[in-house]
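Engineer: Numbered as in numbering that gives the first Met the number 0, the sequence shown ends at 320 without a single skipped number. For glycine and all other residues, C-beta sits at the position ideal for the given N, C-alpha and C. These numbers were taken from a predicted model, which means no experiment stands behind them. The structure's right below; bear with me while I get my questions together.
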Amino acid sequence: MENSVDFLKVLNDDLLVKILTTFEDSSDLVRFSAVSRSWQRFVIKNGLCKHLCLRIFPQLSRVDYVNELSDTAKGHAEAGSSNYMEWKALEREHRVYAFLAQHCLSFCVRKCISEAIIASSTDHYPEESIVNTLEPRDRVARRASYWSSKGESNPAVPEMLTYKLVSDLCVITEINIRPFQAKSVRFRMGHESCQDSGSDKFVWTYTSQEFPMAQENRLQTFRFPDPILCIGGILQVELLGRVLRHEMDGLFYICVSHVQVMGQPLSPAFGIQILEPSEQFVLEARSYTLPTLPEETEGEYEYEYDDEDEDEDEEEDEDME
Numbered sequence: 000m001e002n003s004v005d006f007l008k009v010l011n012d013d014l015l016v017k018i019l020t021t022f023e024d025s026s027d028l029v030r031f032s033a034v035s036r037s038w039q040r041f042v043i044k045n046g047l048c049k050h051l052c053l054r055i056f057p058q059l060s061r062v063d064y065v066n067e068l069s070d071t072a073k074g075h076a077e078a079g080s081s082n083y084m085e086w087k088a089l090e091r092e093h094r095v096y097a098f099l100a101q102h103c104l105s106f107c108v109r110k111c112i113s114e115a116i117i118a119s120s121t122d123h124y125p126e127e128s129i130v131n132t133l134e135p136r137d138r139v140a141r142r143a144s145y146w147s148s149k150g151e152s153n154p155a156v157p158e159m160l161t162y163k164l165v166s167d168l169c170v171i172t173e174i175n176i177r178p179f180q181a182k183s184v185r186f187r188m189g190h191e192s193c194q195d196s197g198s199d200k201f202v203w204t205y206t207s208q209e210f211p212m213a214q215e216n217r218l219q220t221f222r223f224p225d226p227i228l229c230i231g232g233i234l235q236v237e238l239l240g241r242v243l244r245h246e247m248d249g250l251f252y253i254c255v256s257h258v259q260v261m262g263q264p265l266s267p268a269f270g271i272q273i274l275e276p277s278e279q280f281v282l283e284a285r286s287y288t289l290p291t292l293p294e295e296t297e298g299e300y301e302y303e304y305d306d307e308d309e310d311e312d313e314e315e316d317e318d319m320e
């Protein structure tokens, strides 16, 4: 290996960092750092795995610090010079972010809603509650299954449907909605407030663009340009623009048959601790084992109709009236 070149000695640090931050796969950085101890120190010292994760998920800019639960006691017990402790912190960041990138790149999409929390209004409760939107079929027990808002004279009044996801950290790629009629939709992601903030029960850390909705009673898919990291496990669907006007009372309504959130939960490998009132959070690595994800076929992501549903589909609008 007489002709081998050590790039750390040939290139200046700024140029080398610029080159390495173009890597899109954490395994490339791992292979780079495995060449030698000096190369490994360079990757750790410059936080390259953290930079990679921040590029994939800008929402991680809210991380105050990272923690490894398995080594928490050891980490607090260690003593030494400030340089030593700083280096140990950099090593810990490297391990956590390298595994996070690996976890997210081994992507397996699944349904991510755990439960329905609340709707901003409901016309007839519980017959038309938000819980109905978790049912993939549009008819249950020979009745139309949907959520309906209360009527409003102003068609611009929005409605919100709020859900709890299966994990406090979820990577969301798309949201599927079957509306009866609404002009557009917007999504918010965040966490429950730890403080007594009156009507502001949730803190939103991400708000999407406004997506137009087709005026058709079918499952509609809304894909994000890039995967979104939901920090806190709360997702809100904001429905904008009422189209359906009831003939009997002349009021405008919004109705939704089904809501489906698709993505990847990061638990049990990762968890968070919200730091209020700063709205930053601690990223916790709870396990360095990639989870075995449940097998799901494409059919599970689609509507499942039985013969009775298909025969009665045309009666749905009559039931709503």
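Given Val-108, which residues of its chain have a CB within under 7 Å of its CB, disregarding the five upstream and five downstream residues?
Structural biologist: For Val-108, where only same-chain residues beyond five positions count, the Cβ hits under 7 Å are Thr-172, Met-261, Gly-262, Gln-263.
Engineer: With H, G and I counted as helix, E and B as strand and the rest as coil, what does DSSP make of Val-202?
Structural biologist: If DSSP states are grouped into helix, strand and coil, Val-202 belongs with the strands.
Engineer: Provide the residue span of the alpha helix (DSSP H) that contains Leu-228, from first to last.
Structural biologist: First-last for Leu-228: 219–230, but that is the beta strand (DSSP E), not the alpha helix (DSSP H).
Engineer: Can at least three beta-carbon pairs, one atom from the segment 234–248 and one from the segment 155–162, be found at a separation below 8 Å?
Structural biologist: With a cut-off of 8 Å, the segment 155–162 and the segment 234–248 count as touching, because enough Cβ pairs lie within range.
Engineer: For Cys-52 and Phe-22, what's the separation of their Cα atoms in angstroms?
Structural biologist: The alpha-carbon atoms of Cys-52 and Phe-22 are separated by roughly 11 Å.
Engineer: Output needed for Leu-145: all residues of its chain with C-beta closer than 6 Å, excluding positions within five of it in sequence on either side, in chain order.
Structural biologist: The residue you asked about is not Leu; residue 145 is Tyr in the sequence shown. The answer, listed in chain order, is Asn-131, Cys-254, Ser-256.
Engineer: Could you spell out the range, first to last residue, of the beta strand (DSSP E) harbouring Phe-22?
Structural biologist: First-last for Phe-22: undefined, no H or E at that position.
Engineer: Helix, strand or coil: which one does DSSP assign to Leu-160?
Structural biologist: Leu-160: strand per DSSP, three-state reduction.
Engineer: For Val-62 and Ile-233, what's the separation of their Cα atoms in angstroms?
Structural biologist: Each residue's Cα considered, the two are about 18 Å apart.
Engineer: Got a sec, what are the start and stop residues for the beta strand (DSSP E) Phe-179 sits in?
Structural biologist: Element bounds for Phe-179: 168–180.
Engineer: When the Cβ atoms of the segment 216–234 are set against those of the segment 180–193, are three or more pairs found closer than 8 Å?
Structural biologist: Judged by Cβ distances under 8 Å, the segment 216–234 makes contact with the segment 180–193, as three or more pairs qualify.
Engineer: Looking only at its chain, what residues have a beta carbon closer than 8 Å to the beta carbon of Ala-33, apart from the 5 residues adjacent to it on each side?
Structural biologist: Contacts found: Gln-39.
Engineer: State the start and end residues of the unbroken alpha helix (DSSP H) segment that holds His-245.
Structural biologist: Where His-245 is concerned, there is no enclosing alpha helix (DSSP H), given that its DSSP letter is neither H nor E.
Engineer: Let's see if you can read the secondary structure: which residues bound the alpha helix (DSSP H) around Ala-97?
Structural biologist: 81–104 is the span of the alpha helix (DSSP H), which, as asked, contains Ala-97.
Engineer: Are the CB atoms of Val-184 and Phe-210 nearer to each other than 9 Å?
Structural biologist: Yes.
Engineer: Within a Cβ cutoff of 6 Å, which residues of the same chain sit near Thr-204, ignoring the five residues on either side of it in sequence?
Structural biologist: The answer, listed in chain order, is Gly-189, Ile-230.
Engineer: From what residue to what residue does the beta strand (DSSP E) around Val-108 run?
Structural biologist: Taken as a continuous stretch (DSSP letters only), Val-108 belongs to no beta strand (DSSP E), as it is neither H nor E.
Engineer: Identify which residue in Val-281, Tyr-287, Arg-285, Thr-288 has its Cα closest to the Cα of Ser-60.
Structural biologist: Closest by alpha carbon: Val-281.
Engineer: To the nearest angstrom, how far is it from the Cα of Gly-43 to the Cα of Ala-88?
Structural biologist: Correcting the residue type first, residue 43 is Ile in the shown sequence and not Gly. Between Ile-43 and Ala-88, the C-alpha separation is close to 10 Å.
Engineer: Between Glu-127, Ser-35, Asn-216, which has its C-alpha nearest Arg-142's C-alpha?
Structural biologist: Closest option to Arg-142, Cα to Cα, is Glu-127.
Engineer: Out of Ser-105, Phe-251, Leu-19, Phe-221, which has the shortest C-alpha to C-alpha gap to Ser-120?
Structural biologist: For the residues Ser-105, Phe-251, Leu-19, Phe-221, the minimum Cα distance to Ser-120 belongs to Phe-251.
Engineer: Do Asn-66 and Glu-283 have their beta-carbon atoms positioned less than 9 Å apart in this structure?
Structural biologist: A contact, by the Cβ cut-off of 9 Å.
Engineer: What would DSSP say about Ser-147, mapped onto helix, strand or coil?
Structural biologist: Ser-147 falls in the strand class under three-state DSSP.
Engineer: Where does Asn-11 fall in DSSP's three states?
Structural biologist: Looking at Asn-11 - three-state DSSP - the assignment turns out to be coil, as it is neither helix nor strand.
Engineer: Thinking C-beta only, is Leu-265 closer than 9 Å to His-102?
Structural biologist: Yes.
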